[in-house]
Structures are given as C-alpha cells and as structure tokens.
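Q: What follows is a single structure, and I will ask about it in a moment.
Number of protein chains: 2
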Amino acid sequence: MAGKRGKEQPGEDALIERIKTILGPPGPPVRVGIGDDAAALCESADDSETLVTTDLLVEGVHFNLEWASPYQVGWKAIAASVSDIAAMGGKPTAAVVSVGARPRAREYFIKSLYEGIAAACERYGVVIAGGDTVRSDRAIVNIAMLGRARKNRAILRKGAAPGDIILVTDTCGDSAAGLQILSLFPKSEITIPFMKRLINRHLAPEPSLAAGLAASASLAPTAMMDLSDGLAVDLPRLTARSGVGAVILEEKIPTSPDLRAWARRSDVPFATFAVRGGEDFNLLITASASKVDDLERNLESAGTRATRIGEIVPRERGITLVSSSGEILPWPEASFLHF
Amino acid sequence: MAGKRGKEQPGEDALIERIKTILGPPGPPVRVGIGDDAAALCESADDSETLVTTDLLVEGVHFNLEWASPYQVGWKAIAASVSDIAAMGGKPTAAVVSVGARPRAREYFIKSLYEGIAAACERYGVVIAGGDTVRSDRAIVNIAMLGRARKNRAILRKGAAPGDIILVTDTCGDSAAGLQILSLFPKSEITIPFMKRLINRHLAPEPSLAAGLAASASLAPTAMMDLSDGLAVDLPRLTARSGVGAVILEEKIPTSPDLRAWARRSDVPFATFAVRGGEDFNLLITASASKVDDLERNLESAGTRATRIGEIVPRERGITLVSSSGEILPWPEASFLHF
Chain A
1439 MAGKRGKEQP
1449 GEDALIERIK
1459 TILGPPGPPV
1469 RVGIGDDAAA
1479 LCESADDSET
1489 LVTTDLLVEG
1499 VHFNLEWASP
1509 YQVGWKAIAA
1519 SVSDIAAMGG
1529 KPTAAVVSVG
1539 ARPRAREYFI
1549 KSLYEGIAAA
1559 CERYGVVIAG
1569 GDTVRSDRAI
1579 VNIAMLGRAR
1589 KNRAILRKGA
1599 APGDIILVTD
1609 TCGDSAAGLQ
1619 ILSLFPKSEI
1629 TIPFMKRLIN
1639 RHLAPEPSLA
1649 AGLAASASLA
1659 PTAMMDLSDG
1669 LAVDLPRLTA
1679 RSGVGAVILE
1689 EKIPTSPDLR
1699 AWARRSDVPF
1709 ATFAVRGGED
1719 FNLLITASAS
1729 KVDDLERNLE
1739 SAGTRATRIG
1749 EIVPRERGIT
1759 LVSSSGEILP
1769 WPEASFLHF
Chain B
1439 MAGKRGKEQP
1449 GEDALIERIK
1459 TILGPPGPPV
1469 RVGIGDDAAA
1479 LCESADDSET
1489 LVTTDLLVEG
1499 VHFNLEWASP
1509 YQVGWKAIAA
1519 SVSDIAAMGG
1529 KPTAAVVSVG
1539 ARPRAREYFI
1549 KSLYEGIAAA
1559 CERYGVVIAG
1569 GDTVRSDRAI
1579 VNIAMLGRAR
1589 KNRAILRKGA
1599 APGDIILVTD
1609 TCGDSAAGLQ
1619 ILSLFPKSEI
1629 TIPFMKRLIN
1639 RHLAPEPSLA
1649 AGLAASASLA
1659 PTAMMDLSDG
1669 LAVDLPRLTA
1679 RSGVGAVILE
1689 EKIPTSPDLR
1699 AWARRSDVPF
1709 ATFAVRGGED
1719 FNLLITASAS
1729 KVDDLERNLE
1739 SAGTRATRIG
1749 EIVPRERGIT
1759 LVSSSGEILP
1769 WPEASFLHF
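So the protein lines, in turn, are chains A and B. Positions 1439 to 1777 (the numbering used here) are the ones given, in order, by the first sequence. Positions 1439 to 1777 (the numbering used here) are the ones given, in order, by the second sequence.
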C-alpha cells in the first residue's frame, strides 16, 4: 500500500518517518507521497491523476498456506490493493505482480495464485500488466497497483476537521474473528455456517470499491482511508495526519450478527474484534455535518451502509473511546496485531 | 521487471506463457503486457504512455548481505528497474518500494537500503512515491517503477527483422566476473584494482538510461531490451518475440580490459563471461542497416559506444554463434545462471 503506513507494528509509523527524512520531500510528478493509502502522481495533461500502491505479503507473516489456498492468497492480495485505491476515491486500472515461490511447489502455487488474481481482477476491473517470478524459500507476493482519480481530488488521510462526523462502511471485526477461528480449529472441522462465513471474510475479503467511488462522487469526505489494520491502529493515523482528535462511541461501531454469534462462543467481547481487528477492508470516512447526509445517500445508492461512530474533536482532546456503559476510556492499544 | 521474462531459470519462460494463458489477453489500458522489459499503458489523452515494471529481489537468491551492503542492494534494485524502463526507450519517473526485513536487523537494514535507493533515485531522476515495510525472516526488496515513453513508441522486444544489425552497448561480462571474484575470495582480501572494479560492476551497476533515450531518439531501433540475464538467455527472448533467428560473432562481443585481465587469471575464457554472464544492464539493440549509422551517432553523442555483434536472420536458421576460430556453434545454453 503505497505512500504508506506501517502495517502491523506500532514502531512502523516511526520508521516511515525516518524513511521520509532519508528521501526528502518528493518532487514532481508525486503530488501525494509516503503516508497515505496510495500515492498520487500528476503526470498527464488531462483531468486525472495516477494512483499507485505497493503491498508485500510474505508466507508465515501475512498468509498461512495451511489455511489459505494460493487462489485465496491471490484474491486477497488484489483485494487489499484495490482497497488502497478505493480509499483514495479512485478506480484501479492495472497491476504488476511479483511472486516468489519454492522451486518444488512452484507450478501449482503460481497456477492457483494467478487464478485467484485473475478472478479478483475480473471482479474489480483490473488488468495485470506484467510481473516477475523468482525463487524463494518462502512464498512471497507483491502487488503494485495503479489507479486513476480526478486530478487533485484523491481523498487523503489529512483534511478532517473538528466537528466532522466519523463514519465506517459495512461492519468491523469479521476478518479478525475469522482469523481467530482459523487459529483455534483445524479448517476441516469448521462446519458451522456463521463460522465459515467469518473465515471467508478473512480469506476472501471484498474491498469497498463501489463505496469509495460513491463517497468520492458525493464530494463530502474531508478524509478517508481503508481499515486494513483495524480501527485501533488506523484511526490514530488519520487523526495524526489531519492534526485532530476523535471521540468514538463503542456501541455505534457496526458489527455483523456472525461476529456477535462468535463473540458469544468465545471469550472475546465483540467490541474487541471490532476495534482491534484488522483486514476488514471497509472505509473510515470523515465528513462535515452539513454534507454527511449526502454522503450516506450516495453510499446507500451504491449498496453500502455507512454508520456514524463518532466525531472529530480538536487535537488537544486526543482520541477517546466511550464504552457501551458510558465510560470514557483512553484509545486502545493495538495489541491484536500479528507483527 | 514487468511484463516480463523469466529471470534465472530456463523453465521460467514456459511459466510466463502459462500465466498469460490464465490471465487471457490484457485489455485497455494495457497496450504492451507480459513479455517485455516493462509494460506500456495508454491512460492519458496526451502523447505519452505510462511504463511500469516490477522486480523482486530476495536475500540469498538475488543478493548476499555478506558481499553487498544494504546501500548497494538499494542502489542495484533501483538501477535494475531503471534499466527496464531504459530498455523500452523510456524515462523513469517514480517508484514504490516494498521491503521485508528481519525485526532485529530492521533499523540498520532499512536505513542503509533507503540511502542507496535515494542515491540511485537522485542519479536517475526517480521519485519514491511510497512503499510498504513488513517483517520477514529473509531480506526482500521489491521495486515497482513507473516511466514515460512517447505514445505507441516504446521499443519492444518484437520488431527485429532479417537483415537488421545486432548491437550491444558498453561491454559484456564484467558483472559476472565480479560475481565470480566475490564467490572465490573474502571481500576484504580483494585489493587488486581491476578486481575491485569488476566487483563494483556487479554490486553497483549503472543502467543504460542515457543510451536508451538516445537509441529511442534516433528512431532507429527495431527492437531493444536490456541484458540482465546475459546474452545467452536474453538474445533468444528477443528473437523468439520477433520471430527471427540470429548470427552472433563471438569475437565482436565487446569486453573490458578488466574482464580480459580476470579471464587470464581464472580458468574461464572471457567470451564465456561475455555470452553467459548476467546483470550488465547494457542494451541489446537491433536496427535496419540503413539506420544503424544514425543509431551509433546518437549513442555516441550520449557518451555510449555501441558495437555491432551480428545480424538478424530468418527464423529457420535459428541462433548460431561464430566462434573466434570461425567455427559455427549452436547457441550456448544458460548454464551460468544462478537460479
């Protein structure tokens, strides 16, 4: 995910800052560089700009071939990159794929992986332009994806202002619940439908492409990003970039019946999945109070429900979580991450 | 290297064909897809097109941290990608970088790597637009690079026709000799200047960017590619794409005094390095006999010497090598590669 965040580790954000220092401020054609879901480049004379994002997935860190088929790894890799482009309000166009595979497993791995890639590309309108395949003792997949947005109109993480409403699309926490289920049971023994659906949300996620385009078309968002590392990690990234604070009402965070069913069975409150779980690939959006109705209408027309979960406040107030019992809590740490 | 060749393994080219079957023919915006140095995308209304290439480097396969500093790995990764864009006759613009690093070595590795990346980007006019950093038990670097070429004018591997002259820029085999020296001696014991220069050609190669642009400006090339896997592997890729054969005169292949000095010391004839050695990142160009003078003049103005090494012949004649003693030999197999 270009221009990016540090995934999976709190110290990653500090590392990104050091990399920015080494590289210095980016010049043309880069308009938006490191630190957003995707980078934005102004290269052509027409009214569009190029978006670009890169995403590296390593076996044993980002995917587990005992749980996920290479097909699913391919699907998810494309989905995660589409999500980055969608989070800028853009439309993905083309991608290049780098694959590392063990020499022995190579034939099957690459065939199945590319079938998943092809299926996701077909679904989201992406064309594979090229790639690189190399030997590696761990499976590796890197997707670099290009997209288009209206010139100077890609929606960034900065731009949120006090008084803005904070919304999320769809529901939160399903993917993390699916991951937990996979870690607890042999895959073949998971037969209960809601558990299978949660696993599927983890292994074959759907990026919020239509929602991102609808949000962009509404002209309402002041900031937007995708929830790939979970609200606990991603919201502070948006507020840091925008120079603001936030209040989130825990009971407003939308969760699915499947997640609530799993939470009843497990020892983990569903709010924990919803706040700390990653890889839902839904959108976190801020909009001024006067435009939030427009935003919701546009999202609804695109088949996406958005939920108001809180409000942007001045930076001094930091980020707080109002618990379901009305208690004001400090923002939770990202203890759920798998780095 | 997008749209790409298989690196490092003869079976790779067959694999690429299978991937192309799974993906089907690419639609717009991809004009040139899998199978060239970079892909070409027509996205804008102006007279340029976007080039894109991706290149995955894995520790222990593509680089060795006992030999190369992370700085050198960063430099070479950018250089290899610049070379792919140059081989299309394009100009690199921006890149995104994915890095995998061991948690312990992370701070130093990423700092030094990015310093090398920054130095190479400064040299070749590339802006880093974004990246991704993840945990990995082996160091991994993926560069996806964007470039620009004149619309419909990127120089492809296809296009060579019988009667065309085959040229290479600079010299061949230095990088492979440097690699052999590194494999034979502890780095600290390598003090002889010509050996140090050969090592440097391997660890800190310079892509032929000015040459690629000059070749493109001459309008002379019928086909062009960079020699990243060596003449033995890369020439058959060009001839296969163009549907032609070739005759190469071994004694015409340009080699450096350093390589010849090393060949005298080692058991390997210098022609072996020149034909089979990879990673020189010079250019293989074909041009019609009527335009080859123009090409050479343009290259010379850009400070690059080109050498005529053979001729394109009809496909039926295959690829042959005329040895220095005048013997007609079958084209050598790629036994020197390190997959």
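Positions of the beta carbon are idealized from the N, C-alpha and C atoms, including for glycine. Quantities reported herein were computed from a predicted structural model and do not represent experimental measurements.
(1) With a threshold of 8 Å between beta carbons, is proline 1467 of chain B in contact with chain A?
(2) What three-state label does DSSP hand threonine 1677 of chain A in the structure shown?
(3) Buried or exposed for serine 1680 of chain B, going by 16 or more other Cβ atoms inside 10 Å?
(4) What does DSSP give as the partner residues of leucine 1759 of chain B in its beta bridges?
(5) When we look at the beta-carbon of threonine 1629 of chain B and count the other beta-carbons within 10 Å, is it buried (16 or more) or exposed?
(6) Using a Cβ-Cβ cutoff of less than 6 Å, which residues in the same chain neighbour valine 1760 of chain A once the five nearest sequence positions on both sides are dropped?
(7) Per the contact definition of three or more C-beta pairs closer than 8 Å, is the stretch 1577-1586 of chain A in contact with the stretch 1484-1504 of chain A?
(8) Tell me the residue span of the alpha helix (DSSP H) that contains aspartate 1575 of chain A.
(9) Pull up the distance between the alpha-carbon of lysine 1625 of chain B and that of phenylalanine 1632 of chain B, whole angstroms please.
(10) Looking at chain A, which residues of the stretch 1567-1585 of chain B have a Cβ within less than 8 Å of any of its Cβ atoms?
(11) Taking the C-alpha atoms as reference points, what is the distance between proline 1541 of chain A and valine 1496 of chain B?
(12) Short of 7 Å in beta carbon distance, which residues of its chain neighbour leucine 1503 of chain A, apart from the five on each side in sequence? Order them along the chain.
(13) Terminal residues of the continuous alpha helix (DSSP H) containing glycine 1616 of chain A?
(14) So, using beta-carbon positions, are alanine 1558 of chain A and tryptophan 1513 of chain A closer together than 8 Å?
(15) Between the beta-carbon of phenylalanine 1719 of chain A and the beta-carbon of proline 1768 of chain A, is there less than 8 Å?
(16) Kindly list, in the order they appear in chain A, the residues whose Cβ is closer than 8 Å to that of lysine 1549 of chain B.
(17) Mapping the DSSP letters down to three states, classify glutamate 1560 of chain B as helix, strand or coil.
(18) Alpha helix (DSSP H) containing threonine 1459 of chain B: first to last residue?
(19) Going by the CB atoms, is the gap between proline 1508 of chain A and valine 1564 of chain A shorter than 8 Å?
(20) Rounded to whole angstroms, what's the CA-CA distance from arginine 1639 of chain B to aspartate 1612 of chain B? Just pull it up for me.
(21) Check each candidate in A/Asp1672, A/Val1468, A/Arg1753 and A/Gly1616 and name the one with the smallest Cα separation from alanine 1532 of chain B.
(22) Using a Cβ-Cβ cut-off of less than 9 Å, list which residues of the stretch 1489-1518 of chain B approach chain A; keep chain order.
(23) Can you list the residues of chain B that serine 1521 of chain A reaches, using a CB-CB cut of under 7 Å?
(24) Could you tell me which residues DSSP pairs with asparagine 1580 of chain B in its beta bridges?
(25) Taking Cβ-Cβ distances shorter than 9 Å, what residues in chain A pair up with serine 1482 of chain B?
(26) Determine whether the beta carbon atoms of proline 1464 of chain B and glycine 1471 of chain B lie at a separation below 8 Å.
(27) Residues of chain B with CB closer than 7 Å to the CB of alanine 1556 of chain A, please, in chain order.
(28) Using a cut-off of 8 Å between C-beta atoms, extract the partners of glutamate 1553 of chain A located in chain B.
(29) Is leucine 1461 of chain A near the ligand HEM, going by C-beta to nearest heavy atom under 7 Å?
(30) Taking 8 Å as the threshold (beta carbon to beta carbon), is glutamate 1450 of chain A in contact with chain B?
(31) Give a yes or no on whether the minimum CB-CB distance between serine 1621 of chain B and chain A is below 8 Å.
(32) At which residues does the alpha helix (DSSP H) containing glycine 1512 of chain B begin and terminate?
(33) Per DSSP, what kind of secondary structure is arginine 1591 of chain A in: helix, strand or coil?
(34) Measure the beta-carbon distance from isoleucine 1604 of chain A to glutamate 1749 of chain A and round it to whole angstroms, keeping in mind my assumption that it falls under 8 Å.
(35) Alpha carbon to alpha carbon, how far is valine 1682 of chain B from valine 1751 of chain B?
(36) Could you name the residues of the stretch 1632-1654 of chain A whose beta carbon sits closer than 9 Å to any beta carbon of chain B, in the order they occur along the chain?
A: Looking at the atomic coordinates:
(1) Residue 1467 of chain B sits at position 29 when you count from the first residue of the second sequence. Yes - at least one Cβ of chain A is within 8 Å of the one on proline 1467 of chain B.
(2) Within the first sequence, the letter at position 239 stands for residue 1677 of chain A. Here threonine 1677 of chain A sits in helix by DSSP.
(3) Walking along the second sequence from the start, residue 1680 of chain B turns up at place 242. Buried, since its Cβ has 16 or more Cβ neighbours within 10 Å.
(4) Stepping through the second sequence from its first residue, residue 1759 of chain B is reached at position 321. Paired residue(s): B/Ile1686 and B/Leu1767.
(5) Numbered from 1 along the second sequence, position 191 holds the residue referred to as residue 1629 of chain B. Exposed, since its Cβ has fewer than 16 Cβ neighbours within 10 Å.
(6) Reading the first sequence from its first residue, position 322 is the one you call residue 1760 of chain A. Hits under 6 Å: Leu1687 and Ile1766.
(7) yes
(8) Within the first sequence, numbered from 1, the residue matching residue 1575 of chain A stands at position 137. Run containing aspartate 1575 of chain A: none; DSSP gives neither H nor E here.
(9) Residue mapping note: residue 1625 of chain B aligns to position 187 of the second sequence, counting from 1. Residue mapping note: residue 1632 of chain B aligns to position 194 of the second sequence, counting from 1. Roughly 14 Å separates the two Cα atoms.
(10) Ala1567, Gly1568, Gly1569, Asp1570, Thr1571, Val1572, Arg1573, Ser1574, Asp1575, Arg1576, Ile1578, Asn1580, Ala1582 and Leu1584
(11) Along the first sequence, one-based indexing puts residue 1541 of chain A at 103. Along the second sequence, one-based indexing puts residue 1496 of chain B at 58. Rounded to the nearest angstrom, the two C-alpha atoms are 14 Å apart.
(12) The residue labelled residue 1503 of chain A in the question sits at position 65 within the first sequence. Once the five neighbours on either side are set aside, the close Cβ partners of leucine 1503 of chain A are Glu1497 and Ala1577.
(13) Within the first sequence, residue 1616 of chain A is the residue found at index 178, counting from 1. Unbroken alpha helix (DSSP H) run through glycine 1616 of chain A: 1612-1622.
(14) Indexing the first sequence from 1 puts residue 1558 of chain A at position 120. Indexing the first sequence from 1 puts residue 1513 of chain A at position 75. Closer than 8 Å, so yes.
(15) For the purposes of this step, residue 1719 of chain A is taken as the residue at position 281 of the first sequence. For the purposes of this step, residue 1768 of chain A is taken as the residue at position 330 of the first sequence. In this structure, proline 1768 of chain A does not lie closer than 8 Å to phenylalanine 1719 of chain A by Cβ.
(16) Translated into positions along the second sequence, residue 1549 of chain B becomes position 111. Chain A residues near lysine 1549 of chain B: Arg1456 and Ile1460.
(17) Here residue 1560 of chain B refers to the residue found at position 122 of the second sequence. If DSSP states are grouped into helix, strand and coil, glutamate 1560 of chain B belongs with the helices.
(18) Counting from 1 along the second sequence, the entry for residue 1459 of chain B is found at position 21. Here the alpha helix (DSSP H) through threonine 1459 of chain B covers 1450-1461.
(19) Stepping through the first sequence from its first residue, residue 1564 of chain A is reached at position 126. Stepping through the first sequence from its first residue, residue 1508 of chain A is reached at position 70. Cβ distance not < 8 Å, so valine 1564 of chain A and proline 1508 of chain A don't count as in contact.
(20) Here residue 1639 of chain B refers to the residue found at position 201 of the second sequence. Here residue 1612 of chain B refers to the residue found at position 174 of the second sequence. Distance between the alpha carbons of arginine 1639 of chain B and aspartate 1612 of chain B: 6 Å.
(21) As a first step, residue 1532 of chain B must be located in the second sequence, where it is residue number 94. When only C-alpha atoms are compared, the closest one is A/Val1468.
(22) Val1490, Thr1491, Thr1492, Asp1493, Leu1494, Leu1495, Val1496, Gly1498, Val1499 and His1500
(23) The residue labelled residue 1521 of chain A in the question sits at position 83 within the first sequence. Chain B residues near serine 1521 of chain A: none, gap ~13 Å exceeds 7 Å.
(24) The count along the second sequence starts at 1 and reaches residue 1580 of chain B at position 142. Bridge partners of asparagine 1580 of chain B: B/Leu1494 and B/Ser1536.
(25) Along the second sequence, one-based indexing puts residue 1482 of chain B at 44. Those within 9 Å of serine 1482 of chain B in chain A are Glu1481, Ser1482, Ala1483, Asp1484, Ser1486 and Thr1488.
(26) As a first step, residue 1464 of chain B must be located in the second sequence, where it is residue number 26. As a first step, residue 1471 of chain B must be located in the second sequence, where it is residue number 33. Yes. Within cutoff.
(27) Translated into the one-based positions of the first sequence, residue 1556 of chain A becomes position 118. Those are Ile1460 and Leu1461, listed as they occur along chain B.
(28) Translated into the one-based positions of the first sequence, residue 1553 of chain A becomes position 115. Within 8 Å Cβ-Cβ: Ile1460.
(29) For the ligand HEM, the structure offers nothing, since it holds no ligand at all.
(30) Locating residue 1450 of chain A in the first sequence gives position 12, where the first residue counts as 1. Closer than 8 Å to some Cβ of chain B, the Cβ of glutamate 1450 of chain A qualifies, so yes.
(31) Translated into positions along the second sequence, residue 1621 of chain B becomes position 183. False, the Cβ-Cβ gap to chain A never drops below 8 Å.
(32) Locating residue 1512 of chain B in the second sequence gives position 74, counting from the first residue. That run of the alpha helix (DSSP H) goes 1508-1524.
(33) The count along the first sequence starts at 1 and reaches residue 1591 of chain A at position 153. Residue state, collapsed to three classes: coil.
(34) Residue numbering aside, residue 1604 of chain A sits at position 166 when the first sequence is read from its first letter. Residue numbering aside, residue 1749 of chain A sits at position 311 when the first sequence is read from its first letter. Isoleucine 1604 of chain A to glutamate 1749 of chain A, Cβ: 6 Å. Contact.
(35) Counted from its first residue, the second sequence places residue 1682 of chain B at position 244. Counted from its first residue, the second sequence places residue 1751 of chain B at position 313. In a straight line, the C-alpha of valine 1682 of chain B is about 6 Å away from that of valine 1751 of chain B.
(36) none
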